[in-house]
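Using numbering that gives the first Met the number 0, read the sequence shown as starting at 0 and increasing by one per residue. Note that the Cβ used here is the ideal one computed from N, Cα and C, for glycine as well. Only a predicted model underlies this, so the values are computations on that prediction, with no experimental measurement involved. Here the structure is laid out as structure tokens; the discussion comes afterwards.
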Amino acid sequence: MRKVYRYTDNSNYWNERWESSGVDITGFKSTNFYPIKQAEEFLKDYTDTQTILELGCGAGRLYFHYKNKKYNIKGIEYSQVAVNNIKNVIDNKDDIIQGNVLNLPYDKYSFDYIIAFGLFHNLEDVNDVQKAFDETARVLKKKGTLLFSVRYDSFENNLIEKIIKSRNKEKKFNKFHRLHFDLESTIEILRKAGFKIKNIQYERNVSFLFKYDFFRTKNMKDKIFVESKARSEGFKLNKLGEIIDNFLHKYFSKHFSNLLIVTVEKE
């Protein structure tokens, strides 16, 4: 695993993002992109007797998507800012709580499904990663399933970091931002936690090309960019951007992906 440093620490970074983006109650305008594409496939056999937990529910877009479909879903989030945003617009306040993945406030075998998009790579202590997966396994029912994504230690992710540094040369990159996971370490951590791997995907949420205004669609340009809109519609590239991006991801997926998306079953 590789530690990535930036000029703002991880906790402040996320609090600032949730303060600016607010709450995502609109859901998704399409289900053909990450993370809703993977979540829909993951929950395709869901029944109304089952329970779902989202670890790191953030602005709530996934929570609201499934709550509106009458799914039995709860969420836990480390950022009190994000939790307050959601609680302000829901009736059942107990659905969303503030908490830590290292000490989940749930009994053993509480959930049939757990979803954790972009959570585990926010842990600064590498040893805590194993603890987090162990704790996740504890609250998952036997034969229950976990779907998660982590930042992948790929060429693309490291390129993105170089782009960010080149645009902020006057700042000191000395505060922990996130971990980049390699496949081998991830597999070993899952094995120790008692999980059986069902599927691994190399995917991305935002292409490195999106860092350049030239490759964005007109409604995603910097001057009119709204993150909540991009999160609900996808971070869209223009035709040229799509052609380049699709080519790189199709033929060099391990290099031009920024996420590992993994589905596992508790043994």
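Considering only residues of the same chain and omitting the five flanking positions on each side of E266, which have a CB-CB separation below 6 Å?
-> G193, K195
Do Y33 and E187 come within 8 Å of each other at the CB atom, strictly closer than that value?
-> no
For N84, which of P104, G59, L103 has the nearest alpha-carbon?
-> G59
Would you mind reading off the limits of the beta strand (DSSP E) that contains V22?
-> Taken as a continuous stretch (DSSP letters only), V22 belongs to no beta strand (DSSP E), as it is neither H nor E.
Using the rule of at least 16 other Cβ atoms within 10 Å of the residue's Cβ for burial, across every protein chain shown, is L268 buried or exposed?
-> Nothing about residue 268 can be reported from this structure: the residues present for the chain run from 0 to 266 only.
Inside the stretch 64-136 only - alpha helix (DSSP H) runs reaching at least 4 residues = 79-86
Less than 8 Å separating the beta-carbons of T144 and V263?
-> yes
To the nearest angstrom, how far is it from the Cα of L103 to the Cα of T135?
-> 8 Å
Cross-strand partners of S252 (DSSP beta bridge) = DSSP lists no partner for S252.
Given a cut-off of 8 Å, decide if L101 and L178 are closer than it, judged by their beta-carbon atoms.
-> no
Per DSSP, H176 forms a beta bridge with which residues?
-> Its beta-bridge partners do not exist; DSSP assigns none.
What beta strand (DSSP E) runs, 3 residues minimum, are completely inside the stretch 160-240?
-> 174-179, 194-202
Out of W17, Y112, N126, D47, point me to the one whose CA is closest to E40's CA.
-> Y112
Please confirm whether K174 and D8 have their CB atoms less than 8 Å apart.
-> yes
Beta-carbon gap between T50 and F110 smaller than 8 Å = yes
For L247, which residues of its own chain have a beta-carbon under 7 Å away from its beta-carbon, when the five flanking residues on both sides are left out?
-> F255
Quick one: using the 10 Å Cβ neighbour count with 16 as the cut-off for buried, is D274 buried or exposed?
-> In the structure as shown, the chain begins at 0 and stops at 266. Residue 274 is therefore absent and cannot be evaluated.
8 Å Cβ shell around I242 - same chain, five flanking residues per side excluded | none
Reference F119, options L42, K168, E53, A81, closest by Cα = E53
Count the other C-beta atoms from every protein chain shown that fall within 10 angstroms of the C-beta of V225, then say buried if there are 16 or more, exposed otherwise.
-> exposed
Cβ-Cβ distance between Y65 and C56 below 8 Å | no
Does the beta-carbon of S19 have 16 or more other beta-carbons within 10 angstroms, so that it is buried, or is it exposed?
-> exposed
Taking the CB atoms as reference points, tell me whether M219 and K197 lie closer together than 8 Å.
-> no
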